[in-house]
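Engineer: Protein chains in written order, with our numbering: chain A, 808 to 949; chain B, 614 to 922. C-beta: ideal position from N, C-alpha, C; glycine also. For clarity, every value in this text was computed on a predicted model and none was experimentally measured. Submitted below is the structure of interest, expressed as structure tokens.
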Amino acid sequence: MLEVKGIENGIVIDHIQAGKGLKVFNRLFSATDNSVVLLMNVTSKQLGRKDIIKIENTFDVNMDILGIIDPNITVNIIKDNKLVEKLKAEIPKSLKGGLQCQNPRCITHTDDYAEPEFKLISANGKLEYECSYCEEITVYKL
Amino acid sequence: MRHLIEPEDLTIDEINRLVEVGLDMYSNPKVYNKICDGKILASLFFEPSTRTKFSFDSAMMRLGGNVIGFADASTSSTSKGESLADTIKVMGAYADIIVMRHPKEGAPKLASQYSRLPIINGGDGGHQHPTQTLTDLITIKRFKQTVNGHNVAFCGDLKYGRTVHSLIRTLARFGNTKFILISPDELKLPSALKRQLTSQYGVELVEVTSMEDVIDDIDILYMTRIQKERFFNEEDYLKLKNSYKLTREKLKNAKPDMIVMHPLPRVNEIGYDVDDDKRAVYFEQAEMGVYVRMALISMMLEVGPYARS
Ligand SMILES: [Zn+2]
């Protein structure tokens, strides 16, 4: 197996469904200056195959975005080579930012003051979020 | 401070009171013609709607208040790129209450987050138009004495018509449990709304494609416009538009005390020969819109019958 050393300070985003690692990277870390390792198709006891992201000197991560991409993701926060916190992603009940309203007539597309806010309506195979402004449903496929 | 963005912002009790107060304003206008003395309504129409604007302006003037504003966005500072939030914040110093119409859905909600004045939604795209629903309810109350207990039928474009969606939902909240829906297959009530009506309110929906089949059973017939743009081809449109047109001939089989409503403007879905029939109340409906808006303005400004003692 490909060897990648652990990180001293930073986060490890683990148990990402194989194939979704790049999506997580693009949504959350594409602009970072810190070192990032993206591991894809790693053998996993639980998942068969999984993706992993390791990023140095970063401790903040948007758990809501991780939750809509894949609620099985776990996040390990590492400081001085020690695991200090373990977080579990979950499907967010509400979302601020992170999604675009699907309704082309919605005010959130044209007014900078209107930050899209969503409420989870259903999580049955696909995630349905209701826009707090126009009340249309935006679907995010799991 | 209150805002009215959608009908659900009002309780059933509050709607009942607005209808009562509106009817009293209609019967005794002199009692109320000074209660908004010194107050200013900002009437901000980011998209033109002459009918709604005049109805609000008239309502405020009949209460003794004044009106400022614009009738379409090209004459407002928005055309210079000002954000809605800034326009609304500035208005705080110029007026006491705001009515706004906006082509973007959710714009009144956004405005309410930045406003120190009460905001009334005068229509936001295809989303909400709560004062049309209030207008419909006061009309039903005036002509049928009660809001509940009637066989209500909706005819025409039930798919895109927000007026219909909003009125059905509100009547369901009032406890109406049966509606007749008359429309072509292409323009049926959206299934999400049907599900909500049946699961949340236990409503029974009777869907038919022909007005003639049900006309003798209807107490309130709510007509809507069928727009040409909704059809793939001209042929389908021409074929259908006449089957959903109300004529004097079709009215022959209707109950003598049925009422015919329409949010106006009509195009050709109600024949002009129906206007003289005493069952046609759509012009009175537009008139009642002014009185229920008067009641609403009084409520939001806490004046007249709504003054805090
Ligand atoms: Zn929206």
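#1: In the segment 917-940 of chain A, which residues sit with their C-beta less than 8 Å from some C-beta in chain B, listed in chain order?
#2: Once you ignore the five residues that flank B/Phe756 on each side, which residues in its own chain have a CB closer than 6 Å to its CB?
#3: Output the distance between the C-alpha atoms of A/Ile914 and B/Lys841, rounded to the nearest integer angstrom.
#4: Could you round the C-beta distance between B/Leu623 and B/Ile711 to whole angstroms and report it? I think they count as a contact, below 8 Å.
#5: Does any heavy atom of ligand 1 sit closer than 7 Å to the C-beta of A/Asn910?
#6: Based on Cα-Cα distance, which residue from B/Ile653, B/His740, B/Lys754, B/Pro876 lies nearest to B/Met913?
#7: Using the three-state DSSP reduction, which class does B/His875 fall into: helix, strand or coil?
#8: With burial defined as no fewer than 16 other Cβ atoms inside 10 Å of the residue's Cβ, what is the status of B/Asp749: buried or exposed?
#9: Which partner residues does B/Tyr904 have in the DSSP bridge list?
#10: Check the Cβ of A/Thr945 against every Cβ in chain C and list those closer than 8 Å, keeping chain order.
#11: Is any heavy atom of ligand 1 found at a distance shorter than 7 Å from the C-beta of A/Thr917?
#12: With distance defined between alpha-carbon atoms, name the residue in B/Asp699, B/Arg879, B/His875, B/Asn679 nearest to B/Arg892.
#13: I believe A/Leu890 touches A/Asn879 by the beta-carbon criterion, under 8 Å. Please report the beta-carbon distance rounded to the nearest angstrom.
#14: Give a yes or no on whether the C-beta atoms belonging to B/Ala655 and B/Ala708 are separated by under 8 Å.
#15: Please confirm whether B/Ser662 has its beta-carbon closer than 8 Å to some beta-carbon of chain A.
#16: Along the chain, where does the alpha helix (DSSP H) that runs through B/Gln556 open and close?
#17: What would DSSP say about A/His822, mapped onto helix, strand or coil?
#18: Would DSSP call B/Val680 helix, strand or coil?
#19: Take B/Arg861 and list the residues in its own chain whose beta-carbon comes closer than 8 Å to its own, dropping the five residues that flank it on each side.
#20: With 16 other CB atoms within 10 Å as the buried threshold, where does A/Asp840 fall?
#21: Report the residue ranges of all alpha helix (DSSP H) runs contained in full by the segment 851-913 of chain A; include only those spanning at least 4 residues, in chain order.
#22: Per DSSP, which one or two residues make a beta bridge with B/His715?
#23: Taking the alpha-carbon of A/Asn816 as reference, which of A/Asp887, A/Gly904, A/Tyr920 has the nearest alpha-carbon?
#24: What are the start and end residues of the alpha helix (DSSP H) that includes B/Ile625?
#25: Report whether the distance from the Cβ of B/Cys649 to the nearest heavy atom of ligand 3 is below 7 Å.
#26: Pull up the distance between the alpha-carbon of B/Phe669 and that of B/Thr776, whole angstroms please.
#27: Could you work out which residues of chain A lie near B/Ala698, taking near to mean beta carbons separated by less than 8 Å?
#28: Here's a check: name, in chain order, each residue in its chain whose Cβ is nearer than 7 Å to the Cβ of B/Glu820, leaving out the five neighbours to either side.
Structural biologist: In terms of the structure at hand:
#1: Under the 8 Å Cβ criterion, the segment 917-940 of chain A contributes Thr917, Asp918, Asp919, Tyr920, Ala921, Cys938, Ser939, Tyr940.
#2: The sequence position of residue 756 of chain B within the second sequence is 143, counting from 1. Taken in chain order, the residues that qualify are Ile872, Val894.
#3: Position 107 of the first sequence holds residue 914 of chain A. Position 228 of the second sequence holds residue 841 of chain B. Their backbone Cα atoms lie some 27 Å apart in a straight line.
#4: Reading the second sequence from its first residue, position 10 is the one you call residue 623 of chain B. Reading the second sequence from its first residue, position 98 is the one you call residue 711 of chain B. Rounded, the Cβ-Cβ distance is 17 Å, inconsistent with contact.
#5: The residue you call residue 910 of chain A lines up with position 103 of the first sequence. Because some heavy atom of ligand 1 lies under 7 Å away, the Cβ of A/Asn910 counts as near it: yes.
#6: Reading the second sequence from its first residue, position 300 is the one you call residue 913 of chain B. For the residues B/Ile653, B/His740, B/Lys754, B/Pro876, the minimum Cα distance to B/Met913 belongs to B/Ile653.
#7: As a first step, residue 875 of chain B must be located in the second sequence, where it is residue number 262. Look at B/His875 here: in three-state DSSP terms it is coil, with no helix or strand label.
#8: The count along the second sequence starts at 1 and reaches residue 749 of chain B at position 136. B/Asp749 counts as buried, since at least 16 other C-beta atoms from the protein chains shown sit within 10 angstroms of its C-beta.
#9: As a first step, residue 904 of chain B is located in the second sequence; it is residue number 291 there, counting from the start. DSSP output for B/Tyr904 lists no bridge partner at all.
#10: The structure shown contains no chain C; its protein chains are A and B.
#11: Indexing the first sequence from 1 puts residue 917 of chain A at position 110. Every heavy atom of ligand 1 is 7 Å or more from the Cβ of A/Thr917, so no.
#12: For this step, residue 892 of chain B is matched to residue 279 along the second sequence. When only C-alpha atoms are compared, the closest one is B/His875.
#13: The residue you call residue 890 of chain A lines up with position 83 of the first sequence. The residue you call residue 879 of chain A lines up with position 72 of the first sequence. Wrong, their Cβ atoms sit about 19 Å apart, outside the cutoff.
#14: In the second sequence, the residue the question calls residue 655 of chain B occupies position 42. In the second sequence, the residue the question calls residue 708 of chain B occupies position 95. Yes, the pair counts as a contact, with Cβ atoms nearer than the cut-off.
#15: To locate residue 662 of chain B, count along the second sequence from 1; it is residue 49. No, because no Cβ of chain A sits closer than 8 Å to the Cβ of B/Ser662.
#16: Outside the shown range of chain B (614 to 922) lies residue 556 of chain B, about which nothing can therefore be said.
#17: Counting from one through the first sequence, the residue named residue 822 of chain A turns up at place 15. Here A/His822 sits in strand by DSSP.
#18: Within the second sequence, numbered from 1, the residue matching residue 680 of chain B stands at position 67. Strand.
#19: Walking along the second sequence from the start, residue 861 of chain B turns up at place 248. So the list reads Gly884, Asp886, Val887, Asp890, once near-sequence residues are dropped.
#20: The sequence position of residue 840 of chain A within the first sequence is 33, counting from 1. Exposed is the call here.
#21: Counting only runs that start and end inside the segment 851-913 of chain A, the alpha helix (DSSP H) elements of at least 4 residues fall at 870-876.
#22: On the second sequence, position 102 is the one that residue 715 of chain B refers to. Bridge partners of B/His715: B/Asp737.
#23: Numbered from 1 along the first sequence, position 9 holds the residue referred to as residue 816 of chain A. From the listed residues A/Asp887, A/Gly904, A/Tyr920, the smallest Cα separation to A/Asn816 is found for A/Asp887.
#24: Position 12 of the second sequence, counted from the start, is the residue given in the question as residue 625 of chain B. B/Ile625 -> alpha helix (DSSP H) spans 625-640.
#25: The model depicted lacks ligand 3 and carries ligand 1 instead.
#26: Translated into positions along the second sequence, residue 669 of chain B becomes position 56. Translated into positions along the second sequence, residue 776 of chain B becomes position 163. Between B/Phe669 and B/Thr776, the alpha-carbon positions lie close to 18 Å from each other.
#27: Looking up residue 698 of chain B in the second sequence gives position 85. Correct list: Asp918, Tyr920.
#28: On the second sequence, residue 820 of chain B is found 207 positions in, with the first residue counted as 1. These residues qualify, in order along the chain: Leu794, Lys801.
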